[in-house]
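Residue numbers (our numbering), protein chains in the order written: chain A, 1 to 135; chain B, 1001 to 1135; chain C, 2001 to 2135; chain D, 3001 to 3135.
For glycine and all other residues, C-beta sits at the position ideal for the given N, C-alpha and C.
It should be emphasised that the depicted structure is a prediction, and the values quoted were computed from it without experimental measurement.
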């Protein structure tokens, strides 16, 4: 599993003093963006090839509330098709590594051709990224 | 189904010019908050009774990208337990009513006692809300 | 003055239960976008002409805290140059019309040519908008 | 001057592909929160003493657009009164240190007693923080 540290910001909290539920999805994206970025894969690099990775589905479980604290986001590719990949994300405060994650989400991303406006095969750099990530 | 109109804001868009994926979850909450609010159920009214409705799970499907446009959020309670309810949310641009929704999400909310920090039976006003909503 | 009603959302609140300070700027933009939109002036319509209206300065005063409530945003153009306009925004809860606004901001927007990446004269539709707005 | 590195996130961008203007204010807060945090001063630590530091005014200049890139936020206390402090924030991409900042803002924070709902003298830890920061 790939682990990325993310600092939760004050702006991520809601009026209950815990992380607002849509922001868990943002935290996943922050971590995933850093992971992909290590392989040179960014929104801009893909856009230059007329490709975008778009979210097609999310299955998320909120187990315990995150607060204003640094977290680890653990990520693992759990499925791959010709046009998509599914990444499992688990978030825990950095001080509670061994315990059950506070949040987990399976997020599926599909490659899309921007000009055609429809799905397309995963670009070569994503295929290689997946291979590096898995093995 | 309950239908609420929500205006997507410029701030909801991402660098691709479409609604940023976590913001679909925010749009669901905006609509749900108005629906609950019509029954006098708000974050504050529940907090006064030491209760919060917290998200426990989300299953979301992103079918087509929303842009900077007004949408209808259609909501329906599809499950109820002693401590939770699950609301189906479907979002479509207001001009495309008949077509498949652009986004759908099943979001489960659990009643939690704030001082005890654990789940509790749905408060009476939520039970009544569910009955009114269903029948 | 132009008055636009905006519903503050739960997501706009911070952990103190009041509107998070950067979100007052977002509320101004929500109102301004509706105002400009009534004249057919949108991000997209301007982009089609290679123009963007970019923020160049903000002078904001936070006088009282906004909560989860509907507000009125009162707007008035207080300055115009060849390339810019300055809009005064005042925000108050809809129930407190007569009192001092809770927030006021002078926001200056400059026309920019997107391809050249530099400021340019205000496009004709903005000039006309300003005239309609003032007289 | 205190310098803090902040990573701009994809979520900070607007449909123009640059940082959305209210988010510059959020980036200032992210940096300021880390600076105060190094002195043990947090939203929670202040709240325990019934104190909040609230924003009372912002004077911001947007000079060049920030993109999806790491930035340095340089901060300096430029004014102090019995109840307030004013912090100058300057943001630049980390690769352009020597040039004019892309954004600068003078942000004034006032100490407020939460239960009384009105301003109060700066708490002792903030006074000490200011002294450490200045000398």
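- By the Cβ criterion, the region 3037-3055 of chain D is in contact with the region 3104-3114 of chain D, since at least three pairs of Cβ atoms, one from each stretch, lie closer than 8 Å.
- When D/3003, D/3021, D/3119 and D/3028 are compared, the shortest CA-CA separation from residue 10 of chain A is found for D/3028.
- Taking a C-beta cut-off of 7 Å against chain B, the contacting residues of the region 2014-2043 of chain C are 2026, 2029, 2030, 2033 and 2043, listed in chain order.
- Measuring C-alpha to C-alpha distances from residue 3018 of chain D to each of A/44, A/1 and A/5 identifies A/44 as the nearest.
- Contact between the region 56-63 of chain A and the region 3031-3040 of chain D is absent: fewer than 3 CB-CB pairs across the two stretches fall below 8 Å.
- In the three-state scheme derived from DSSP, where H, G and I count as helix and E and B as strand, residue 3134 of chain D is classed as helix.
- In summary, no residue of the region 99-118 of chain A has a CB separated from any CB of chain D by less than 7 Å.
- In this structure, residue 3100 of chain D sits away from residue 3086 of chain D, with a CB-CB distance that is not shorter than 9 Å.
- Looking at the backbone, the Cα of residue 1076 of chain B and that of residue 1103 of chain B are separated by about 14 Å.
- In the DSSP secondary-structure assignment, residue 3060 of chain D is bridged to C/2058 and D/3105.
- In terms of Cα proximity to residue 1012 of chain B, the closest of A/22, A/125, A/36 and A/1 is A/22.
- With fewer than 16 other beta carbons inside 10 angstroms of its own, residue 2124 of chain C counts as exposed.
- For residue 1079 of chain B, the enclosing beta strand (DSSP E) stretches over residues 1070-1080.
- Of the candidates C/2130, C/2082 and C/2132, C/2082 places its Cα closest to the Cα of residue 2120 of chain C.
- Per DSSP, residue 2021 of chain C lies in no beta strand (DSSP E) segment; the continuous alpha helix (DSSP H) that holds it begins and ends at 2021-2038.
- Taking 9 Å as the CB threshold, residue 1011 of chain B lines the interface with chain D.
- Put simply, the backbone Cα of residue 3004 of chain D is about 6 Å away from that of residue 3072 of chain D.
- In chain order, 1042, 1043 and 1044 make up the part of chain B whose C-beta sits under 8 Å from the C-beta of residue 2068 of chain C.
- Within the DSSP secondary-structure output, residue 1042 of chain B pairs in no beta bridge.
- The residue among A/40, A/66, A/62 and A/67 with its C-alpha nearest the C-alpha of residue 126 of chain A is A/40.
- Counting other Cβ atoms within 10 Å of its Cβ, residue 1014 of chain B reaches 16 or more and is therefore classed as buried.
- In the DSSP assignment, residue 2007 of chain C forms a beta bridge with C/2070.
- Partner residues in the beta bridge of residue 84 of chain A, as assigned by DSSP, are A/110.
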